[in-house]
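Q: Residue numbers (my numbering): -14 to 117. Glycine is no exception: its CB is placed at the ideal position from the N, C-alpha and C atoms. Being a predicted model, the structure only gives us computed values, none of them experimental. Take a look at this one; I'll ask things after.
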Ligand code: ATP
């Protein structure tokens, strides 16, 4: 089966794969060859493609997942590989978001801080490759 990951700027990935795992708004799910058609809204998270028993990981920051006739398409705002990610920056973003969420005094936009935290966690997972 085939997986294509497209952002506003570029085609990030366009290759045959054996398995796909991603995070929809209703939770994580996996797709194997021959799966019935799927159309799902994506959450902020990690998409993992397995090729010859090796995992390739991408952050996928929302968007749409479509699967039909053994072709998967991901349209997402941002899709980063480990090489794209600055770990120090992601760690700072995570700490900042956690501090905002922990500060009960502050008038914060909680949803915004939660999204920032989810982005940072997805980046660290991909960069540190611990989702295998
Ligand atoms: P930060 O607070 O560090 O800016 P953010 O989650 O607010 O993080 P985004 O709005 O998701 O950042 O992304 C804005 C741009 O910055 C995108 O092009 C994204 O790829 C890039 N970017 C964000 N964080 C990182 C990172 N840790 N390493 C590399 N690029 C990053």
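If you pair each beta-carbon of the region 81 to 88 with each one of the region 46 to 57, do three or more pairs fall below 8 Å?
A: no
Q: If you draw a straight line from the alpha carbon of residue 13 to that of residue 45, how long is it in whole angstroms?
A: Indexing the chain shown from 1 puts residue 13 at position 28. Indexing the chain shown from 1 puts residue 45 at position 60. When rounded, the distance between both Cα atoms is 12 Å.
Q: Relative to the C-alpha of residue 77, which candidate in -3, 69, 109 and 62 has its C-alpha closest?
A: The residue you call residue 77 lines up with position 92 of the chain shown. Of -3, 69, 109 and 62, the residue nearest in Cα terms is 109.
Q: Residue 27 and residue 50 look like a contact to me (Cβ under 8 Å); what is the Cβ gap, rounded to whole Å?
A: Numbered from 1 along the chain shown, position 42 holds the residue referred to as residue 27. Numbered from 1 along the chain shown, position 65 holds the residue referred to as residue 50. Indeed, because the Cβ distance is near 5 Å, the residues count as touching under 8 Å.
Q: Below 8 Å between beta carbons: does that hold for residue 66 and residue 47?
A: The count along the chain shown starts at 1 and reaches residue 66 at position 81. The count along the chain shown starts at 1 and reaches residue 47 at position 62. No, the pair does not count as a contact, with Cβ atoms beyond the cut-off.
Q: Where do the ends of the beta strand (DSSP E) carrying residue 64 lie?
A: Taking the chain shown and counting its residues from 1, one reaches residue 64 at position 79. Counted as a single uninterrupted DSSP element, the stretch harbouring residue 64 is not any beta strand (DSSP E), since DSSP gives it neither H nor E.
Q: Using 8 Å as the threshold, is the C-beta distance between residue 15 and residue 5 below it?
A: Your numbering for residue 15 matches position 30 in the chain shown. Your numbering for residue 5 matches position 20 in the chain shown. The beta carbons of residue 15 and residue 5 sit closer together than 8 Å.
Q: Here's the rule I'm using: 16 or more other beta-carbon atoms within 10 Å means buried, otherwise exposed. How should residue 102 be labelled?
A: On the chain shown, residue 102 is found 117 positions in, with the first residue counted as 1. Looking at its Cβ environment, which holds 16 or more other Cβ atoms inside 10 Å, residue 102 is buried.
Q: If we ignore side chains and look at the alpha-carbon of each, how far apart do residue 98 and residue 85 end up?
A: Translated into positions along the chain shown, residue 98 becomes position 113. Translated into positions along the chain shown, residue 85 becomes position 100. Those two C-alpha atoms are separated by around 7 Å.
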